[in-house]
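Have a look at the structure below, then the notes.
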Amino acid sequence: MPKKKGQNKKGISQAFADFTLNDCANASKTVRRVKKTVPTDIAVSELSWDQIDEDDLDVIEETDADGAKSLVFKKKRNHSRSETEDVVNRPGNIYPEIIWYLVSWYIKPEDVGNFARINKATYAITKRESFWRSFYKRYCRYHLNLPERLCLENNNKLYGLRQRVIRALYYTYNVFIMRVIQQAVHDSQPHTLVKRRCINVWYCKGSTHWSVYFKFKKMQPKQRVEMNKAIDFIEELSRIDANPDEDTQVLQVICQNFYQIPPLMGMTLSSVKVVLSQGFRHRRLHLGFNSGYHNVSKDILPEVSVVLDTVINIYVTCFATEETIRCGFIPNEIYSCTGLPSVVKPDISAKYRTKVNQCDQMTCIFKEAGWMTGGKVDKKKLSEHFDEFKREFPEWSAAVAKLKNSCIDSELLPQGMYLNCPAYDVMHCALTSFIQNTPASNWDREPGTGCTYSRQFAASCPLCPSDCFALLVPAGSCNACLLLPRIS
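Numbering (the working numbering), first residue to last: 262 to 749.
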């Protein structure tokens, strides 16, 4: 009968043990032959190379007193020993906590994680109220783009202070703002929100669009609820690192039109589908919702369906940023991103390029092209010119149709700071119509060149001349830009 595995382990261990009284007088069985003494320390260097276990030994180079080098085998370090002994015995300097507190005044917001991982003192500093209020004073206080709900001047609450400061930095700190803009395209994956519960829906009206926000929370059905654990509410209200929106994400959908959303609170997102809308200029978003968490499946039809057409952009963020785009001067990249062909003949525009102001320049161009007679714009000839432009560039047909309706057929208010310059008003209105109705293929032809921000700017902000941002403008001028902040 074969022996079981591990049956001879005891005999092997006894063979290498010291000679004791149990080997003779106190032996349980009669000992006929006394075993030979076996040394416990076996010379590792006497073993051959094929008898050495690579997992137990290391090859180390040693140098003797004569300078001769030799390779010896030594046992590996016992990894079962606790790592705390190594940390205690590790060489280094221990600085007072006040030193780290002074260093924290010069930490940038993007380096907070690295600062907290230095030691226990730095981690404790990141839990203090003064640490986060110092960030607010340096980067957020009295900033024009900061929403009123995130201002801390008259708010002394400690609960969730870290969360409020971090959100404020995404409105005022350029590094965080550019991070959101650059990662918006890569992070816009609404299908990752499937099996999350909708806890809120709200709207926000922009200048030329509507933004619909869906707030989803990650479900944790297997999470154990500790009913017997007592909660100290006074201590809970003083938690600086509290985050009421933990495990939540916000789906932001920017549309050209307003869409009524049915009640969705408490329902689970079960399906997401994004397709091209009619005309191939925008996208259509289909969202399916079910009442239960376990009813989410591809084979089950959604109980409630939400369809959003004419979708411009889709964003998935950890929290809502209602005004990511800062309206102001027109970005320089917007002209190269649109790829707009020349509306005026190059020889005519070059002829009057040296005019003092843009009003005189546009007036001379309109007279040279035959679009102006007697100080008034000849709308018939100008409309015929844009019809010819549409036949030559059919991809701009939608922009030309919008241009003729809003810039030629209707009376225009002063677009810039010139009160009586119809040629300038018509040309600037035409430029605005072309930019806001640029084909989607033109925006996406050169990815990674800043066209993402330019596209968001064109969809969210009025396109205002640079003169309209002066501290004082003539009364009645710059009608579309009066609500934007002035500069000195």
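C-beta atoms are modelled at their ideal positions from N, C-alpha and C, and glycine is treated no differently. Treat the numbers as computed from the prediction; the structure is a model and nothing was measured.
{"Asked": "Where the beta strand (DSSP E) through G467 begins and ends", "Found": "G467 -> no beta strand (DSSP E), and no H or E assigned at all."}
{"Asked": "CB contact flag (C620, C712, <8 Å)", "Found": "no"}
{"Asked": "Meets three-Cβ-pair contact criterion under 8 Å: the segment 689-706 and the segment 631-638", "Found": "no"}
{"Asked": "Rounded C-alpha distance that separates R544 from V533", "Found": "13 Å"}
{"Asked": "According to DSSP, residues forming a beta bridge with E507", "Found": "Beta-bridge pairing links E507 to no other residue."}
{"Asked": "Helix, strand or coil at G677 according to DSSP, with G and I counted as helix", "Found": "coil"}
{"Asked": "Proximity winner among L674, L724, P726, M688, relative to G737 (alpha-carbon distances)", "Found": "L674"}
{"Asked": "Per DSSP, cross-strand counterpart(s) of L548", "Found": "V533, V567"}
{"Asked": "Within 8 Å, strictly: CB atoms of E208 and I609", "Found": "Residue 208 cannot be examined here, being either before or after the span of the chain that is shown, 262 to 749."}
{"Asked": "Rounded separation between G467 and C516 - CA only", "Found": "10 Å"}
{"Asked": "Integer-rounded CB distance, given that I575 should sit under 8 Å from V536", "Found": "That belief does not hold up - the Cβ atoms of V536 and I575 are roughly 12 Å apart, past 8 Å."}
{"Asked": "Segment limits, alpha helix (DSSP H) that includes V364", "Found": "358-364"}
{"Asked": "DSSP bridge partner residues for Q513 (one or two, in chain order)", "Found": "Y474, Y576"}
{"Asked": "Where S331 falls: helix, strand or coil (DSSP)", "Found": "strand"}
{"Asked": "Cutoff 6 Å; reference Y520; Cβ partners in own chain excluding five residues on either side", "Found": "L569"}
{"Asked": "The ligand MN heavy atom lying under 7 Å from the CB of F654", "Found": "In the structure on display, the ligand MN does not appear, and there are no ligands present to speak of."}
{"Asked": "Cβ separation of W393 and R440, assumed to be a contact under 8 Å, to the nearest whole Å", "Found": "Not a contact, Cβ separation roughly 19 Å."}
{"Asked": "Endpoints, alpha helix (DSSP H) assigned at I696", "Found": "683-697"}
{"Asked": "Opposing strand residues paired with N461 [DSSP bridges]", "Found": "K476"}
{"Asked": "Reduced DSSP category for K606 - H, G, I as helix; E, B as strand; rest coil", "Found": "coil"}
{"Asked": "N504 and G421 closer than 8 Å at C-beta", "Found": "yes"}
{"Asked": "C-beta atoms of V604 and F654 nearer than 8 Å", "Found": "no"}
{"Asked": "Alpha helix (DSSP H) segment containing F396, residue limits", "Found": "390-400"}
{"Asked": "Short Cβ contact (8 Å threshold) for P451 with L512", "Found": "yes"}
{"Asked": "Whole-number beta carbon distance between T383 and W361, since they are thought to touch under 8 Å", "Found": "5 Å"}
{"Asked": "Reference R389, options D502, K612, P592, closest by Cα", "Found": "D502"}
{"Asked": "C-alpha gap between C668 and N375, whole angstroms", "Found": "55 Å"}
{"Asked": "Boundaries (first-last residue) of the alpha helix (DSSP H) holding F654", "Found": "Counting along the chain, F654 falls outside any alpha helix (DSSP H), and DSSP gives it neither H nor E."}
{"Asked": "Nonlocal neighbours in the same chain, by C-beta distance under 6 Å from Y679, ignoring five residues either side", "Found": "C620, Y685"}
{"Asked": "Buried or exposed by the 16-neighbour rule on C-beta atoms within 10 Å, applied to M754", "Found": "The question about residue 754 has no answer, for the chain in this structure spans 262 to 749."}
{"Asked": "Inter-residue spacing [alpha-carbon to alpha-carbon] between Q539 and G677", "Found": "35 Å"}
{"Asked": "Straight-line gap, Y397 to C579 (C-alpha atoms, nearest Å)", "Found": "20 Å"}
{"Asked": "I368 (DSSP reduced to helix, strand or coil)", "Found": "coil"}
{"Asked": "Candidates I573, L546, G553, I561: closest to V567 by CA position", "Found": "L546"}
{"Asked": "Spatial neighbours of M480 in its chain, beta-carbon cut-off 8 Å, leaving aside the 5 residues before and after", "Found": "K456, R457, R458, T529, Y554"}
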